[in-house]
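Each remark here refers to the structure printed beneath this line.
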Amino acid sequence: MKMTSAQAAKLLRKLNDELRTLQVREENTRSFIAALQEDPETVRPAYNLAEMRSAQSELELKIRKVKHAINVFNTVTVVPGFGITIDELLVYLPQLSRQYNLLCGMKDALPKVRENTGYSRSGSVIDYRYANYDIAEAGKYYNEISEKLAEAQTALDLINNTVEFDVNI
Numbered sequence: 006m007k008m009t010s011a012q013a014a015k016l017l018r019k020l021n022d023e024l025r026t027l028q029v030r031e032e033n034t035r036s037f038i039a040a041l042q043e044d045p046e047t048v049r050p051a052y053n054l055a056e057m058r059s060a061q062s063e064l065e066l067k068i069r070k071v072k073h074a075i076n077v078f079n080t081v082t083v084v085p086g087f088g089i090t091i092d093e094l095l096v097y098l099p100q101l102s103r104q105y106n107l108l109c110g111m112k113d114a115l116p117k118v119r120e121n122t123g124y125s126r127s128g129s130v131i132d133y134r135y136a137n138y139d140i141a142e143a144g145k146y147y148n149e150i151s152e153k154l155a156e157a158q159t160a161l162d163l164i165n166n167t168v169e170f171d172v173n174i
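Residue 6 is where the sequence shown starts when you use this note's numbering, and the numbers rise one by one after that.
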């Protein structure tokens with residue numbers, strides 16, 4: 006069946022939820038407690054080990070196939086404008102995000118800030134923290150990284166929502 010990455014991710018969530026539901030049901034029915042004066046057959050929950058194993062195995066197989074299809078798609082699909090595959094972009098995005106966060110703080114810094122030394126030093130000594138870089142230059146780098154991050158996220162979103170691939174489940 007053909008689907009986009011976004012559709013495959015939704016299918017994967019659905020399959021994982023179905024598996025989790027089966028696992029919870031199994032946990033709640035594979036054993037039970039009966040009082041000594043009760044007939045255990047009157048409180049025994051319905052449970053079939055073979056059926057439960059089969060149902061869970063079937064879902065696990067589907068989950069593996071969907072994940073594999075997504076992984077293959079991510080390793081062979083090149084992101085336009087970036088010249089790298091989706092799996093490389095998925096590594097690149099957190100790298101860009103770290104740079105973005107760092108530069109966000111750097112561009113907002115003041116050239117000189119009084120340090121709060123607390124109670125560890127005498128009140129007569131005042132320490133200052135100085136920016137050891139050009140704040141305007143940090144702002145330029147921030148803008149470049151911000152644009153690159155937005156472009157990468159948009160390119161990935163476009164592929165995830167428009168390009169289809171085969172998922173054999």
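Note that beta-carbon positions come from the ideal geometry of N, C-alpha and C, so glycine has one too.
Note that the structure is a prediction, hence the values are computed from the model and not measured.
Judged by beta-carbon spacing, L108 lies within the 8 Å limit of I150, meaning their Cβ atoms are closer than that value. When only Cα atoms are considered, R49 and K7 end up about 44 Å apart. Going by DSSP, R134 is part of the beta strand (DSSP E) stretching over 133-135. Using a Cβ distance threshold of 8 Å, L17 and K72 count as a contacting pair. Judged by their CB atoms, L20 and L54 are not nearer to each other than the 8 Å cut-off. Counted as a single uninterrupted DSSP element, the beta strand (DSSP E) harbouring D171 occupies residues 169-171.
Note that the region 83-102 touches the region 150-161; at least 3 beta-carbon pairs, one per stretch, sit closer than 8 Å.
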